[in-house]
Amino acid sequence: MLVLLYLKGMGEVILHTNHVLDFIDNKVWNQLKDEIVRAHRLIETRSGPGSEFLGWLDLPYQAGVKEIIRTANRLREDMKR
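If you count the sequence shown from 1, position 2 lands on 1 in numbering that gives the first Met the number 0, and the numbers rise without skipping.
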């Protein structure tokens, strides 16, 4: 069983649940799964409590290689000081 969640601009998040039923009763899992999907919707729509703290959703999820190298070099220089 898979649960697919979609993050705007980030593609999908896949939750593999192949072995979850070894540890959690099927009825309990179905309830948890519904809660996971509901929580994901609240985060994605920024409509739940604490939504003012979701700025991390707007961060780029891929940094360019040049930016990573530039940052690494700057940090190395800062460490020498």
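Even glycine gets a Cβ: it sits at the ideal position worked out from N, Cα and C. For clarity, every value in this text was computed on a predicted model and none was experimentally measured.
Distance, residue j Cα to residue i Cα
i          : j          : result
residue 35 : residue 64 : 34 Å
residue 74 : residue 59 : 20 Å
residue 33 : residue 55 : 24 Å
residue 51 : residue 40 : 15 Å
residue 18 : residue 26 : 15 Å
residue 77 : residue 70 : 10 Å
residue 66 : residue 79 : 20 Å
residue 68 : residue 57 : 22 Å
residue 49 : residue 43 : 12 Å
For residue i, three-class secondary structure by DSSP
i          : result
residue 39 : helix
Same chain, Cβ closer than 7 Å to residue i, neighbours up to 5 away in sequence not counted
i          : result
residue 45 : 53
residue 28 : 19, 20
residue 38 : none
Close Cβ partners of residue i (< 8 Å) along its chain, the five nearest in sequence each way excluded
i          : result
residue 23 : 31
Where the alpha helix (DSSP H) containing residue i begins and where it ends
i          : result
residue 77 : 64 to 79
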